[in-house]
Amino acid sequence: MAIINQATKELQVKIVYYGPAMGGKTTNLVQVHDHVQTSAGNKGKLVSLATSSDRTLFFDFLPIEAMTIKGFKTKFQLYTVPGQVIYNTTRQLVLRGVDGIVFVADSQYEKMPENVESFQNLVDNLNSLKIHLAEVPYVLQYNKRDLPNVAPMEYMDFLLNNRDVQVPAFGGTAHKCEGVFESLNMITRMLLQKFITQSVPQYA
Amino acid sequence: MATLPQLIEEDIQSLDETLREFLAQTDATVALILDKGGFLLTHQGDAGELDLTTLGALASGAFMASQTIAGLVKECDFNHTVLQGAKYSLYTMNVDEQCLLVVVFPSPTGIGVVKYYSAAAVRRLARQLAVARERDPDGGLDLSEMNIANPEEFFRKKTV
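These protein sequence lines are chains D and Y, in that order.
The working numbering numbers the first residue of the first sequence as 1 and each following residue consecutively.
The working numbering numbers the first residue of the second sequence as 1 and each following residue consecutively.
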């Protein structure tokens, strides 16, 4: 849940990158960290709690400060979850307090079952926190579009974006920073839109 | 998941005052109140070079992981955790359903004094948070002047 701190004039927002293992969630954060335009001191360190083989063990974390809204500094906390199936408890922990989600899917045909399973896992984990998917702004990023065996985006929409309300979906090649900022800016736009249309908690 | 209380200036002043007293009693270096989602609500003490944002995210994640471990060993919860280092140690204690108290203190101080005084401090913090929860202030920040139709303005990519 976003926090507005009236004393320090800060708005804090949590965005979680979710998706199947090896889909490019950590790469998204690395690219944001490496390429985002910020003033000095507005970008924190990218913290990765990873295994020795660079697989995410707990989460990756990137604090970053963006624009000022009516005198309020907006601080974004970007998290990834571990994609591997065995780390489901960790994914539930990271989702706590989430404001927006970027679901990073792997575009390769053979990864479609994992994409669908991961998305259903996201729905289930949100439900375990008493949150319904429809309540949380999210976008889809169909990553790895540079590989030869990718499924058409329309097919991925059919699998992952086939609900009453379709959400924005972006093709991406995260390691080339393609689709990364588009996804991040869209989820930011969507969650700020949500704040505008509803009351938000206020901290002194 | 329960919602966080809406805090006003008076709440933060009270929370800060409790933290200041606690620091004076224990000689701890810095004390933080965190939301369990990883957000830093307020802190007191000499943070120096400490990156409190990252510390808060990691401490919150670690504590919440310990609660899952508690369930695995058939415990209701682990009320606090201690990370002990050669120079500094870190003590994390549950305040209420939404918040944590995290204390960074010099290891020679010893955990005993921190634990002893934290009990009363946490009660005061929880009481103030309960007061805030029962209050119903008009919250909200009018963001309507933002031009959210143009998402390009949020995060810009560096041009090489």
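All C-beta atoms, glycine included, are put in the ideal place defined by N, C-alpha and C.
Does residue i come within less than 9 Å of chain A when only Cβ atoms are used?
{"i": "T90/D", "result": "No chain A is part of this structure, whose protein chains are labelled D and Y."}
Measure the beta-carbon distance from residue i to residue j and round it to whole angstroms, keeping in mind my assumption that it falls under 8 Å.
{"i": "P139/D", "j": "P168/D", "result": "The sequence given here has Val at residue 139/D, not Pro. At roughly 5 Å, the Cβ-Cβ gap stays under 8 Å, so V139/D and P168/D are in contact."}
{"i": "K14/D", "j": "G37/Y", "result": "6 Å"}
{"i": "V104/Y", "j": "T29/Y", "result": "5 Å"}
{"i": "V102/Y", "j": "L32/Y", "result": "4 Å"}
{"i": "A83/D", "j": "L62/D", "result": "Sequence inspection shows Gly at residue 83/D; the Ala mentioned does not correspond to that position. About 17 Å; that fails the 8 Å criterion."}
{"i": "G24/D", "j": "V98/D", "result": "Not a contact, Cβ separation roughly 19 Å."}
{"i": "V113/Y", "j": "T18/Y", "result": "No, V113/Y and T18/Y are not in contact; Cβ-Cβ is about 16 Å, not under 8 Å."}
{"i": "T38/D", "j": "I64/D", "result": "7 Å"}
{"i": "T54/Y", "j": "V47/D", "result": "6 Å"}
Indicate the three-state DSSP secondary structure (helix, strand or coil) for residue i in the structure shown.
{"i": "H132/D", "result": "coil"}
{"i": "K111/D", "result": "helix"}
{"i": "Q141/D", "result": "strand"}
{"i": "L58/Y", "result": "helix"}
{"i": "F158/D", "result": "helix"}
{"i": "K158/Y", "result": "coil"}
{"i": "D35/Y", "result": "strand"}
{"i": "N149/D", "result": "coil"}
{"i": "D138/Y", "result": "Summary for D138/Y: the model assigns pLDDT 49, below 50, so the residue's position carries little reliability, and this model does not support an answer."}
{"i": "V165/D", "result": "coil"}
{"i": "V122/Y", "result": "helix"}
{"i": "L40/Y", "result": "strand"}
{"i": "I3/D", "result": "strand"}
{"i": "I101/D", "result": "strand"}
{"i": "E75/Y", "result": "coil"}
{"i": "T18/Y", "result": "helix"}
{"i": "K9/D", "result": "coil"}
{"i": "R91/D", "result": "helix"}
{"i": "T27/D", "result": "helix"}
{"i": "G112/Y", "result": "helix"}
{"i": "L184/D", "result": "helix"}
{"i": "R96/D", "result": "coil"}
{"i": "L162/Y", "result": "Look at the range of chain Y in this structure, 1 to 160, and you will see that residue 162/Y is not part of it."}
{"i": "D124/D", "result": "helix"}
{"i": "A24/Y", "result": "helix"}
{"i": "L50/Y", "result": "coil"}
{"i": "M190/D", "result": "helix"}
{"i": "M22/D", "result": "coil"}
Measuring from the CB of residue i, is there a heavy atom of the ligand NAD at a distance below 8 Å?
{"i": "T38/D", "result": "Ligands in the displayed structure: none, and consequently the ligand NAD is not present."}
Identify the residues that DSSP records as bridge partners of residue i: which are they?
{"i": "S81/D", "result": "A quick correction: the sequence has Val, not Ser, at residue 81/D. V81/D pairs with nothing; no bridge assigned."}
{"i": "F72/D", "result": "I69/D"}
{"i": "D235/D", "result": "Residue 235/D is absent from the structure shown; chain D starts at 1 and stops at 204."}
{"i": "F61/D", "result": "V47/D, Y79/D"}
{"i": "S89/Y", "result": "Q84/Y, F105/Y"}
{"i": "H35/D", "result": "DSSP lists no partner for H35/D."}
{"i": "G45/Y", "result": "V30/Y"}
{"i": "F195/D", "result": "According to DSSP, F195/D bridges with nothing at all."}
{"i": "C177/D", "result": "Partner(s): none; C177/D has no beta bridge."}
{"i": "N94/Y", "result": "L100/Y"}
{"i": "K14/D", "result": "Q77/D"}
{"i": "F170/D", "result": "Q141/D"}
{"i": "T56/D", "result": "A50/D"}
Give a yes or no on whether the minimum CB-CB distance between residue i and chain D is below 9 Å.
{"i": "G37/Y", "result": "yes"}
{"i": "V113/Y", "result": "no"}
{"i": "M64/Y", "result": "yes"}
{"i": "T68/Y", "result": "yes"}
{"i": "G85/Y", "result": "no"}
{"i": "R156/Y", "result": "yes"}
{"i": "G110/Y", "result": "no"}
{"i": "L100/Y", "result": "no"}
{"i": "L19/Y", "result": "no"}
{"i": "L125/Y", "result": "no"}
{"i": "L58/Y", "result": "yes"}
I want to see whether chain Y comes within less than 9 Å of residue i, judged by CB atoms only; does it?
{"i": "K75/D", "result": "yes"}
{"i": "T188/D", "result": "yes"}
{"i": "P137/D", "result": "no"}
{"i": "K144/D", "result": "no"}
{"i": "R96/D", "result": "yes"}
{"i": "Y79/D", "result": "yes"}
{"i": "I101/D", "result": "no"}
{"i": "L93/D", "result": "yes"}
{"i": "I3/D", "result": "yes"}
Between the segment 22 to 56 of chain Y and chain D, which residues of the former have CB atoms less than 7 Å from a CB of the latter, in chain order? D35, K36, G37, G38, F39, L41, D51, T53, T54
Name the residues in the segment 168 to 185 of chain D whose C-beta lies less than 9 Å from a C-beta of chain Y; which are they? C177, V180, F181, E182, L184, N185
What are the residues of the segment 34 to 68 of chain D that lie near chain Y, defined by any Cβ-Cβ distance shorter than 9 Å? D34, H35, V36, Q37, T38, G44, K45, V47, L49, F58, F59, F61, P63, I64, A66, M67
Cβ-based contacts, 7 Å cut-off: residues of the segment 13 to 31 of chain D near chain Y: K14
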